[in-house]
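Inspection log for the structure reproduced underneath, given as structure tokens.
Numbering (my numbering), first residue to last: 16 to 334.
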């Protein structure tokens with residue numbers, strides 16, 4: 016059977032993309048504890064972070080924190096990517112182009128995204144990624160598990176604005192998540208599948224949204240509570256269980272890994288963003304796009320967008 020996780024990064028910024036990450040594993044049982052199985056190669060919350068040599072798999076906010084955060088994030092993402100892609104497909108361009116990818120209309124609307132050259136994880140040497148991947152593969156193999164897929168769906172600001180204008184912020188996010196859900200269903204074929212998702216805000220009921228997006232033959236509601244919402248969807252011979260749970264990115268290995276995929280995707284796209292604007296607006300400081308720093312960046316760059324041939328909707332998130 017398959018066990019999957021989904022999580023997003025970049026839901027709240029004022030500028031830049033959203034990303035929805037996903038991971039997919041072959042497992043012997045839906046309750047498989049991948050942290051336990053991968054205990055030699057991965058760690059959840061190390062007691063001595065600076066001395067830790069294993070890969071961190073946890074909520075991306077924890078992994079990415081502090082001066083060593085970006086390096087930790089990239090090392091984990093690079094290792095799992097090495098398990099699912101050939102070395103020649105290890106770059107950012109290939110990562111962004113794999114299903115469920117945005118249409119070229121959106122990905123190439125922004126000039127900084129027209130050529131996504133370079134590695135997905137610049138700070139990690141290929142040899143290091145292969146070594147880490149080998150240790151991971153050994154752990155997973157001993158537990159009867161394997162990585163079946165790993166990726167992220169990027170949502171450039173212009174696409175996000177179009178989605179939220181028509182469907183609202185929560186509706187826009189679910190539409191992107193639904194693309195990932197359909198992708199996971201295709202990857203699993205007729206095998207049983209459990210999908211763990213981080214809850215979207217305070218939302219409890221996903222029944223109607225799941226029925227519209229996935230059109231199952233039958234949908235059973237097991238729980239719609241404050242902490243989690245659990246459903247079983249039937250598609251012919253296949254049964255799919257989907258759970259949306261609060262804090263799943265810190266409690267479920269596949270969701271934690273998905274959060275890292277989403278975070279690294281947004282980080283790399285913001286690298287391209289900042290490099291493009293720095294080359295055209297000397298003196299402008301880079302931004303992550305959040306809160307007051309996003310406002311600062313918009314105040315600096317906003318008045319000059321037209322001379323760069325840009326529309327505000329290409330950079331500013333309206334919702």
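Idealized CB from N, CA, C, for every residue including glycine.
*Could you check where the beta strand (DSSP E) with residue 247 kicks off and where it finishes?*
243-250
*Unbroken beta strand (DSSP E) runs of length 3 or more, entirely within the region 123-182: which are they?*
161-170
*Write down the C-beta distance between residue 29 and residue 332 rounded to the nearest angstrom, noting that I regard them as a contact closer than 8 Å.*
6 Å
_Checking the sheet assignment: what are the DSSP bridge partners for residue 212?_
21, 259
_Taking its Cβ as the centre, do 16 or more other Cβ atoms sit within 10 Å of residue 19, making it buried, or is it exposed?_
buried
*In chain order, which continuous runs of the alpha helix (DSSP H) of length 4 or greater are located wholly inside the region 21-94?*
49-52, 75-78
*asked:* When you compare the region 179-197 with the region 213-233, are there three or more beta-carbon pairs, one atom per stretch, that lie closer than 8 Å?
replied: yes
*Could you check if residue 168 is buried or exposed, using at least 16 other CB atoms within 10 Å of its CB as the buried criterion?*
buried
*Compare the Cα-Cα distances from residue 59 to each of 41, 79, 45, 40 and report the closest residue.*
79
_Extent of the continuous beta strand (DSSP E) run through residue 234_ = 233-239
*asked:* Nearest by alpha-carbon distance to residue 334: which of 300, 21, 23, 27 is it?
replied: 27
*Do residue 107 and residue 133 have their CB atoms nearer than 7 Å?*
yes
*Do the region 78-95 and the region 135-148 touch if we need at least three Cβ pairs shorter than 8 Å?*
yes
*Between which two residues does the alpha helix (DSSP H) harbouring residue 309 extend?*
306-316
*Exposed or buried, which one is residue 140 when buried takes at least 16 other CB atoms within 10 Å?*
exposed
*Among the residues of its own chain, which have a CB less than 6 Å from the CB of residue 285, if the five just before and after it don't count?*
31
*asked:* As a quick exercise: from 72, 54, 23, 46, pick the residue whose alpha carbon is nearest that of residue 268.
replied: 72
*Decide if residue 122 is buried, meaning its Cβ has at least 16 other Cβ atoms within 10 Å, or exposed.*
buried
*Cα-Cα separation, residue 77 to residue 83*: 11 Å
*asked:* Quick check on residue 117: buried or exposed, where buried means 16 or more other Cβ atoms within 10 Å of its Cβ?
replied: buried
_Suppose you measure from the CA of residue 33 to the CA of residue 54; what does that come to, to the nearest Å?_
31 Å
*Out of 258, 316, 90, 74, state which residue places its alpha-carbon closest to the alpha-carbon of residue 219.*
258
_Among the candidates 25, 204, 244, 235, whose CA atom is the shortest distance from the CA of residue 212?_
244
*Taking the alpha carbon of residue 242 as the point to measure from, which residue in 253, 270, 262 has its own alpha carbon closest?*
262
*Residues bridged to residue 253 (per DSSP)*: 250
_Could you compute how far the alpha carbon of residue 87 sits from the alpha carbon of residue 70?_
7 Å
_Through-space distance from residue 275 to residue 61, alpha-carbon basis_ = 17 Å
*Beta-carbon separation of residue 109 and residue 281 under 7 Å?*
no
*Check whether the Cβ of residue 118 lies closer than 6 Å to any heavy atom of the ligand GTP, and answer yes or no.*
No copy of the ligand GTP appears in this structure; indeed no ligand is present at all.
*Going by DSSP, name the residue or residues bridged to residue 331.*
30
*Contact check, residue 98 vs residue 279 under 8 Å by CB: the rounded distance?*
The pair is not a contact, with the Cβ atoms about 15 Å apart (cut-off 8 Å).
_I need the straight-line Cα distance from residue 254 to residue 202, nearest angstrom please._
14 Å
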